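Q:
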Amino acid sequence: MVPLVLAFLAVAIGALAGVYPLDLENFSGLRSVYAPETAHETGVPVGLILSALATGFGLFVLLLPLAFCEEWAWRGFLLPRLRPLRRRRPAGVEQSVDRRPQRLARLAGCEVCR
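The opening residue of the sequence shown carries number 0 in numbering that gives the first Met the number 0; numbering runs sequentially from there.
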């Protein structure tokens, strides 16, 4: 629920700050991204909205198993093998070392890693 509220809040702040025009009558921003050929049309594009929602849901369904597989690999394979080596280190050191290359690449400004 919190991410949804934050998403709506980001849209509202962006519209109030003038970053982009909030067009809830003709949905010109949505039209320009998903169907540029319909940018001049007016009215609520119900089919376009449903298509955008279906695309987002499809990507969610495709990517969710990847997130679960990564967690299962960490918990089921790597963590039990690293526990005997874990003498007096604080909890989470193994995972922070696992994530360090990603964090360093982001700090270095790697465009692919964002």
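Where is the CB? At the ideal position from N, CA and C, for every residue including glycine.
The model shown is predicted, which means the values in this text are computed figures rather than measured ones.
Label Phe26 either buried or exposed according to how many other C-beta atoms from any shown protein chain fall within 10 Å of its C-beta, with 16 as the threshold for buried.
A: That one is buried.
Q: With the cut-off set at 8 Å, would you say Ala34 and Leu47 are in Cβ contact?
A: The answer is yes: Cβ separation under 8 Å.
Q: For the alpha helix (DSSP H) that contains Leu49, what are its first and last residues?
A: Looking at the DSSP string, the run of the alpha helix (DSSP H) that includes Leu49 is Val45 to Trp71.
Q: When you compare only the Cα positions, how much space is there between Ser31 and Ala38?
A: Ser31 and Ala38: Cα-Cα distance of roughly 6 Å.
Q: Give the straight-line distance between the Cα atoms of Cys124 and Leu62, rounded to the nearest whole angstrom.
A: With the chain covering 0 to 113 only, the question about residue 124 has no answer from this structure.
Q: Suppose you measure from the CA of Gly57 to the CA of Leu49; what does that come to, to the nearest Å?
A: Their Cα atoms are separated by approximately 12 Å.
Q: Since I believe Leu29 is in contact with Ala51 (beta carbons under 8 Å), could you give me their beta-carbon distance rounded to a whole number of angstroms?
A: With a Cβ gap of about 7 Å, Ala51 and Leu29 count as contacting.
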